[in-house]
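Before any comments, here is the structure.
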Amino acid sequence: MESRQLKKAELQLSSIGLGCWQLGGDFGEISDETAHKILMRAIEEGIRFFDTADVYGAGQSERLLGRYISQRDDVVIATKYGRGQGTYPDNYNFNNLRDSVLRSQDRLERDTIDLLQLHCVPFDVLKKRDIFDWLEELQAEGQIKSFGASVETIEEADFCIKHSNVVSLQIIFNLLRQEATRSLFDSALENDVGIIARLPLASGLLTGKFSADSTFEDGDHRNFNKDGDAFNVGETFSGLTLEKGVELVSKINDNYKPDALSMVQLALRWCLDHSAVTSVIAGASKPDQVSQNVHAAGLEPLPDALHKKLDAFYQDEVKPHVRGEI
């Protein structure tokens, strides 16, 4: 597995990481046994970067990583702060942050956090800048090794680059959400800020396995947040309705996907082809999906001509249907 460096931190990330949102049960119920098998397959396949958050399954995702992964000294575990009950949307302070970090350490069974990311904190909070000072204080204490930000919009990402010492930005980035290629990536490269691409398969849309009639469990965000009722609509199907997303993915499959590639391989390889991207964090609900995701890292880059066609497709046919601020 290729590794890519977060240049402002002494961290090497596998180019394909494992997004661990699903380990908390937010994509449907998952057993500890299945979670263990997924994590072990990830290690076997060379994944050395795991992304989680304190709120995924009310800490369950962190606990599973602590139980099965944290004892290894060759893995990087990133977690997040900022969306917990009693914090979001307007109770951000140093003590709250520090307490949250200590609880994450306990669940992860680690004395320090490799990479702590602000978790889609409201833009008004970011603009005050105090929160970045608090992160630097925790870094000086040794509670965290480095810090970054997971954001919803390009504007928020630009602000973090200009007004903080983040080592990474985590953004929604996939074939159905390409806006970051316009200017953000150039700025990130110029400032040695790594890009962590989340939701590279657009909540599963880009697997090509869904239909307009697909249904999801009550506890699955693809059910309860399909219209942004619980949190930012962009986090579910990249802001598209299921019906429109299925239609657009079908067009990609029919008109742009090389015959030798699956939809998953095309989607992940497309993300990896961007030099600003440090790691692509794909989720998996089954061990075999981990292996399928990792396979993309060994593929040849896509032709430039195909990248241009996919860019035009996004601008002309996808972007007009994306709901919420990009």
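In full-length UniProt numbering, the protein residues as written are 1 to 326.
Note that beta-carbon positions come from the ideal geometry of N, C-alpha and C, so glycine has one too.
Spatial distance of L138 from D111 (CA atoms): 13 angstroms
Inter-residue spacing [alpha-carbon to alpha-carbon] between L299 and M263: 13 angstroms
Determine, using beta carbons only, whether G24 comes closer than 8 angstroms to chain C. Absent from the structure is chain C; it holds one protein chain and no more.
I need the boundaries of the alpha helix (DSSP H) containing Y68, first residue and last residue. 60-68
How close, in whole Å, do the beta carbons of L115 and F147 come, if the pair is a contact with beta carbons under 8 angstroms? 7 angstroms
Using the three-state DSSP reduction, which class does F159 fall into: helix, strand or coil? helix
Measure the CB-CB distance between Q60 and L23 and report whether it falls below 8 angstroms. yes
Assigned secondary structure, D186 (DSSP; H/G/I helix, E/B strand, else coil): helix
Relative to the C-alpha of D75, which candidate in I47, A197, A58 has its C-alpha closest? As written in the sequence, residue 75 is Val, which differs from the Asp given in the question. V75 has its Cα closest to that of I47, out of I47, A197, A58.
What residue range does the alpha helix (DSSP H) around V277 cover? Element bounds for V277: not the alpha helix (DSSP H) but the beta strand (DSSP E), 277-282.
Within the segment 31-104, note down every full alpha helix (DSSP H) run reaching 4 residues or more, in order along the chain. 32-44, 60-68
With H, G and I counted as helix, E and B as strand and the rest as coil, what does DSSP make of G19? strand
Exposed or buried, what is E136 when buried is set at 16 or more other beta-carbons lying within 10 Å of its beta-carbon? exposed
Local conformation of F237 per DSSP, three classes: In the structure shown, F237 sits in a helix (DSSP, three-state: H, G or I).
Pick from Y92, R63, R129 that is closest to D106, judged by C-alpha positions: Selected option, being the one with the closest Cα: R63.
From the DSSP output, which residues share a beta bridge with L13? R4
Could you pull the start and end residues of the alpha helix (DSSP H) that I252 belongs to? 242-255
Identify the continuous beta strand (DSSP E) that holds I113 and give its terminal residues. Per DSSP, I113 lies in no beta strand (DSSP E) and is assigned neither H nor E.
How long is the line joining the alpha carbons of I196 and I281, rounded to whole angstroms? 7 angstroms
Identity of the residues DSSP links to R198 by a beta bridge: I172, I281
Give me, in chain order, the residues of the same chain whose beta-carbon lies closer than 6 angstroms to that of Y314; leave out the 5 immediate sequence neighbours on both sides. Q178
Cα-Cα separation, F49 to L13: 5 angstroms
Would you call Q143 buried or exposed, if buried means 16 or more other Cβ atoms sit within 10 Å of its Cβ? buried
Could you please give the first and the last residue of the uninterrupted beta strand (DSSP E) stretch that includes S214? Here S214 belongs to no beta strand (DSSP E), and DSSP marks it neither H nor E.
CB-CB under 6 angstroms to L184, same chain, minus the five flanking residues each way: which ones, in chain order? I154, A157
Could you check the C-alpha separation between A35 and S285 for me, to the nearest Å? 8 angstroms
For G245 and A78, the rounded distance between their alpha carbons: Taking the CA atoms as reference points, A78 sits about 29 angstroms from G245.
Contact check, N191 vs I171, beta carbons under 8 angstroms: No. Outside cutoff.
Do N253 and G204 have their C-beta atoms within less than 8 angstroms of each other? Between N253 and G204, the C-beta gap is not smaller than 8 angstroms, which leaves the two residues out of contact.
Rounded separation between F123 and Q85 - CA only: 18 angstroms
Beta-bridge partners of Q117, as assigned by DSSP: According to DSSP, residue pairing for Q117 in a beta bridge involves K80, G148.
Can you check DSSP and say which residues form a bridge with R177? N174
Looking at the strands, I want to know which residues DSSP matches up with D26. G28
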